[in-house]
Each structure stands twice: as C-alpha cells, then as structure tokens.
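Below you'll find the structure, written out as structure tokens, and then a few comments.
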Amino acid sequence: MEQLFASKYYTSYQDVKARCFYLDCEYKIVKLSFCQLLNLRNKVKQLSSPEHIEYMLNHSDVTLLTFCDKEHILILDTLQILDLKELIQATFAIMELETSIHTMISD
Amino acid sequence: MESIARQQISINLEVMDMLNQQVVKEQHASSVYLAMASWCDQRGLINSAAFFYRQSMEEREHMMRIFKFINDCGGSAYAPKISDISHEYASLKEIFELALQQEIAITKSIYKIVALCRKTNDFASENFLQWFVKEQLEEEQVMRDILDIFDLMGDTLLKLIDERIPKE
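Line by line, the protein sequences are chains E and Z. One point on numbering: in the working numbering, the residue at position 1 of the first sequence is 1, and numbering is uninterrupted. Add 1000 to the 1-based position in the second sequence for the working numbering, that's all there is to it.
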C-alpha cells in the first residue's frame, strides 16, 4: 500500500495490485474503488462550495457525508470539509502526475 | 504498470467536470425549449410548437450523448438538476431570439471544453466533441434563418409566419 497524500485529518493510499484506494479517517480506514473515489470527489466538491460553507457557518457547523454507496458516513465540520477537499484534490493531482511520469518514461 | 486512475478512466478529470457541466446546460436548454413549445402550443402556433418540441428532444439527446460518453470512458456522469425555467415570453420573435442566444451560449461552452481538451492532450474527448462543434453550427444557422423570416415578413400575421417555420 502506497501513500498518496496526507492532510491534517486524513490520508489517502493506493494499492495498485488490488486496484483500490484507502482513506484513513483517523478512527477508521475505508476501502474505495476508483468509481467510489470519483463520487466522493464530487460530494466533497458540493459540500465545500461557498454556498454550503456559508450555510454551515450560519447554522450548526456540522454536515453528514455518506459515501461508498452509503456504506460509510462521516460527521464533518467546516475545517474537516476543507481538509478533505485538499486531500482529494492532492490525491488526484498526484495520480495525474504519476500518469504523466509513466508516459514520459515509456515514450 | 499504469496507475489505477489511468487504468480506470480514459479522459482528463477537468474535462470530465466540464462535460458534466455541459450535461446540465444541455438539459437546461431542453427544458427551456419545452417551455417555449408550451407557450406556442397554448397560442395555436402549431408549427412553432412542433419545432420547439423537436428542439427539446434534440437537446436531451445531446445531453444523453455526453452523459453516456462520460460513463463509457470510466468517468462519473451526474444527473442534472434543473430549476428556474421561465414560461413568460413577450412575443414569438422574442422566443426565437432567445433560442438563438441559447444556441450561441452552448456553442461557446463547447468551444471552451474543446480548448481544454487541447490544453490537456485529451484527444478522445476532443474527437468526441467535434460532432457537437458541427451540430452547433447547424443549430445556430436554423435559428438565424427563422429570424430572417421575421425580418422579411415584417408585420405579417403571426399565423403566416408560423406556417413558414421548418417542419423537419
């Protein structure tokens, strides 16, 4: 298992052999397929939109995030959402970088 | 060995995001045409109503084409949420002017995605979008031709203009 990125609260890993990812949320490790990771990316994008962040700050500052086909649920505050956004962005950026490097080497 | 991401998806992620935004735009256009069809239908403008029902179907087909492409490439397509469709129009001419504006906006949006495809070397998406580039040229031309009818016929009865709206 290879670490992709670590943010303040979360760490992402990939297992190339098993073709899956892992998200370490400090108190549990969640296994995700690529498709589930893409869907998580979309959900985090929605939750971290300025409108949603403003809504959270004006209300209870807590939101629920279900992912992996409703298998997991996270209770997040604003800082955790922004941190998760950073993790997801960086995770995909690193994967893109890996692909570019692989293409350059194989050319 | 290729990374998991490359094994699973053939298109660039930013392009995928823009294609998902395009899905929303195409579905929005479909709903707007439906509203226009309804306005024409209620006023007995049969040809115009039939024209906009067809346009609505076409935009939905465009949306489905993009939607399917995203999933076929290993991406994740998201069902669009559409709201705030106006059903109020001042005249038939205004409807066709708005329709042309809408088509131009969609063309611009397609061009933006094509530009991103080139920037990111996403040749598969660029190739896919070439069909839309051609299609948008035709769509704009159809709307312009209809607006020409309004200019040529001046203050003629609305019913006579409606009879000249393309049937196919």
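For each residue, glycine too, the CB sits at the ideal point set by N, CA and C.
The contact set of residue 14 of chain E on chain Z, defined by CB atoms closer than 9 Å, consists of 1003, 1004 and 1005 in chain order. Under the 8 Å criterion on CB atoms, residue 1116 of chain Z is classed as non-interfacial with respect to chain E. For residue 1080 of chain Z, the closest alpha carbon among the candidates Z:1046, Z:1100, Z:1031 and Z:1009 is that of Z:1031.
Contact annotation: residue 1106 of chain Z and residue 1025 of chain Z have beta-carbon atoms nearer than 8 Å. Residue Z:1122 holds the alpha-carbon nearest to the alpha-carbon of residue 1009 of chain Z among Z:1054, Z:1141 and Z:1122.
In the structure shown, residue 20 of chain E adopts extended strand secondary structure according to DSSP, grouped into three states. Put simply, the CB of residue 1021 of chain Z is far from chain E, with every gap to its CB atoms at 8 Å or more. Scanning Z:1021, Z:1111, Z:1128 and Z:1038 for the CA closest to the CA of residue 1073 of chain Z turns up Z:1128.
A residue is called buried when at least 16 other Cβ atoms come within 10 angstroms of its Cβ; residue 1075 of chain Z meets this threshold and is buried. Where residue 71 of chain E is concerned, there is no enclosing alpha helix (DSSP H), because DSSP gives it neither an H nor an E. Assignment of residue 31 of chain E by DSSP, reduced to helix, strand and coil, places it in the strand class. Three or more Cβ pairs drawn from the stretch 70-83 of chain E and the stretch 46-56 of chain E lie within less than 8 Å of each other, which places the two stretches in contact.
The contact set of residue 1076 of chain Z on chain E, defined by CB atoms closer than 8 Å, consists of 35, 38, 39 and 42 in chain order.
Per DSSP, the unbroken alpha helix (DSSP H) holding residue 1151 of chain Z starts and ends at 1123-1153. Residues of the stretch 78-104 of chain E with a Cβ closer than 8 Å to any Cβ of chain Z, in chain order: 92, 95, 96, 98, 99 and 102. Using a CB distance cut-off of 8 Å, residue 1013 of chain Z counts as an interface residue toward chain E. Assignment of beta-bridge partners to residue 12 of chain E by DSSP yields E:5 and E:23. From the listed residues Z:1004, Z:1014 and Z:1005, the smallest Cα separation to residue 1119 of chain Z is found for Z:1014. For residue 66 of chain E, there is no enclosing alpha helix (DSSP H); the residue is found in the beta strand (DSSP E) stretching over 63-67.
Listed in chain order, the non-local C-beta contacts of residue 1124 of chain Z below 8 Å within the same chain comprise 1010, 1011 and 1073, local neighbours out to five positions each way being set aside.
Within the model, the alpha-carbon separation for residue 74 of chain E versus residue 65 of chain E is close to 5 Å. Close CB contacts of residue 46 of chain E within its chain, under the 8 Å cut and outside five residues either way in sequence, are with 52 (chain order).
Residue 102 of chain E carries a helical assignment under DSSP once its states are collapsed to helix, strand and coil.
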